[in-house]
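Okay, so here's the structure we're looking at.
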Amino acid sequence: MLHNACLPALAVCNDGSVVDHILTQSTDPDPNSSTETDDTEEIDAPVSTAVPNFIPDRTELDAIRNMLPPPNALALPPFRSTPINDFNRTKPLLSLAFPALFPYGGAEFTIPRQRSVSYKNYVRHLIKHESGRFAQHPRFRFVVFNTIMRHQAAKSAWFYVRRQAGRPDITIEELHG
């Protein structure tokens with residue numbers, strides 16, 4: 000931003016040019032340089048110019064693709080229009096949701112065992128598994144934690160409903176409050 004009081008202090012020639020005030024330095028030509036330029040000789044301009052096209056033709060790309068083997072395709076699992084109830088302990092939900100963690104489905108929670116194991120202890124064992132694949136998976140621990148928390152919330156709600164069952168005069172507003 001220019002201040003009007005400072006403008007007269009600027010040194011400007013009569014014609015308004017500031018070229019004379021630009022600092023320049025002139026140097027002598029290098030005596031070791033063997034290139035002599037003859038300014039009288041005129042350089043001919045090229046008659047035509049071209050820009051090379053580096054974009055490959057479609058046929059070349061198709062030929063390269065035809066030489067490659069076809070990619071291995073995996074079939075997608077069937078899509079269900081109805082959601083799966085995760086409170087149902089008969090379906091192997093973890094092996095369906097995480098096929099990389101349960102490649103053969105052998106360690107699924109729903110498999111019958113000699114001793115009963117709680118879901119919480121089952122998840123704790125998976126997280127501490129020696130391979131570390133369950134603990135290192137980016138979503139597995141969040142999914143099982145969410146499932147555990149929703150089961151605890153459902154148990155708490157069921158306890159509250161059973162406790163209030165003896166009161167016949169309870170209203171929906173009181174339950175929400």
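FYI, the numbering for the sequence shown is 0 to 176, going by this note's numbering. Idealized CB from N, CA, C, for every residue including glycine. If you're wondering where the values come from, they're calculated on a predicted model, not measured in any experiment.
Residue ranges of each alpha helix (DSSP H) within the stretch 98-147, 4 or longer: 118-126, 132-135
Residue range of the unbroken alpha helix (DSSP H) whose run includes residue 61: Position 62 of the sequence shown, counted from the start, is the residue given in the question as residue 61. Taken as a continuous stretch (DSSP letters only), the alpha helix (DSSP H) holding residue 61 covers 57-66.
Exposure of residue 144, with buried meaning 16 or more beta-carbon neighbours within 10 Å: Residue mapping note: residue 144 aligns to position 145 of the sequence shown, counting from 1. The residue is exposed, with fewer than 16 neighbouring Cβ atoms inside 10 Å.
Environment of residue 122 [buried if 16+ CB atoms lie within 10 Å]: Here residue 122 refers to the residue found at position 123 when the sequence shown is read from its first residue. It counts as buried.
Of the listed residues 90, 96, 58, 61, nearest to residue 75 (C-alpha basis): Locating residue 75 in the sequence shown gives position 76, where the first residue counts as 1. For residue 75, the nearest C-alpha among the options comes from 96.
8 Å Cβ cutoff met for residue 58 and residue 88: For the purposes of this step, residue 58 is taken as the residue at position 59 of the sequence shown. For the purposes of this step, residue 88 is taken as the residue at position 89 of the sequence shown. Cβ distance not < 8 Å, so residue 58 and residue 88 don't count as in contact.
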